[in-house]
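Engineer: Going from the sequence shown to the numbering used here is simple: count from 1 and add 17.
The beta-carbon is built from N, C-alpha and C at its ideal position, and this holds for glycine as well.
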Amino acid sequence: MGADIAAERIERLAELAAAATDEGEFDRSREYVRLARRLAERHRLSLPRSFARSTCDACDVYQRPGVNVRVRVQRGRVIRRCDCGATARYPYRD
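#1: Go to residue 50, then tell me how far its alpha helix (DSSP H) extends in each direction, as first and last residue.
#2: I'd like to check one pair, residue 94 with residue 82: are the Cβ atoms closer than 8 Å?
#3: Residue 31 lies in the alpha helix (DSSP H); which residues open and close that run?
#4: Would residue 103 count as contacting chain C if we go by Cβ distances under 8 Å?
#5: Check residue 69 in the structure and name its three-state DSSP category.
#6: Determine, using beta-carbon pairs with one atom in the stretch 18-25 and one in the stretch 39-49, whether at least three such pairs fall under 8 Å.
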């Protein structure tokens, strides 16, 4: 499988993970995220930033604000707190 095909598949897995989270099927979402990460590692690709920041590094679930993650903005950074207890912080600019 070529790198371009792998990138397309990663995008498709991101869409499937988001849809599974919307339906409340977090285990299925977790599997899609793990497949996408493994595929990116195998083909030496980086995950799209929006996808990487929408997934929990600890439990691999796709995050939806108000569903399974709490999002706060404080002092120039975004703080995402997952249901598993993991916290991620990202810089934020206006």
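Structural biologist: Inspection of the coordinates gives the following:
#1: 43-59
#2: no
#3: 20-39
#4: Included in the structure is just one protein chain, with no chain C present.
#5: helix
#6: no
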